[in-house]
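Participant: Here the sequence shown is numbered in the UniProt record's numbering, starting from 1 and rising by one per residue.
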Amino acid sequence: MSSECSSYLNADRVLVSGFSCPRVGGDARAAYCCGFQDVKYCCDDPHSFFPYEHSYMWWL
Numbered sequence: 001m002s003s004e005c006s007s008y009l010n011a012d013r014v015l016v017s018g019f020s021c022p023r024v025g026g027d028a029r030a031a032y033c034c035g036f037q038d039v040k041y042c043c044d045d046p047h048s049f050f051p052y053e054h055s056y057m058w059w060l
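#1: Tell me the rounded alpha-carbon separation between Lys-40 and Arg-23.
#2: With C-beta atoms as the reference, is Ala-11 less than 8 angstroms away from Asp-44?
#3: If distances are taken between C-alpha atoms only, which option among Gly-18, Leu-9, Val-14 comes closest to Ser-3?
#4: Do the CB positions of Ser-48 and Tyr-32 come within less than 8 angstroms of each other?
#5: Taking the alpha-carbon of Gly-25 as reference, which of Cys-42, Leu-9, Arg-13 has the nearest alpha-carbon?
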């Protein structure tokens, strides 16, 4: 199983290219795209992508 993390603008507004999960050489269990609109990474939880910016979590 694998998923795609699409390209995005990070917090510094720098374009980060999209990538596939799991990443080459990474943990094979990290098959899902996780994180936020501006910080993406691979993890093992299919419900860990949040469609807002990371800074929003600090506001809560």
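Just so it is clear, CB atoms sit at the ideal spot from N, CA and C, and this is done for glycine as well.
Here the structure is a predicted model, which is why all the values come from computation and not from measurement.
Facilitator: So, from the data block:
#1: Numbered from its first residue, the sequence shown carries residue 40 at position 40. Numbered from its first residue, the sequence shown carries residue 23 at position 23. When rounded, the distance between both Cα atoms is 12 angstroms.
#2: Translated into the one-based positions of the sequence shown, residue 11 becomes position 11. Translated into the one-based positions of the sequence shown, residue 44 becomes position 44. The answer is no: Cβ separation not under 8 angstroms.
#3: Taking the sequence shown and counting its residues from 1, the one referred to as residue 3 is at position 3. Ranking Gly-18, Leu-9, Val-14 by Cα distance to Ser-3 puts Gly-18 first.
#4: Counted from its first residue, the sequence shown places residue 48 at position 48. Counted from its first residue, the sequence shown places residue 32 at position 32. A Cβ-Cβ contact shorter than 8 angstroms links Ser-48 with Tyr-32.
#5: The residue labelled residue 25 in the question sits at position 25 within the sequence shown. The option with the nearest alpha carbon to Gly-25 is Cys-42.
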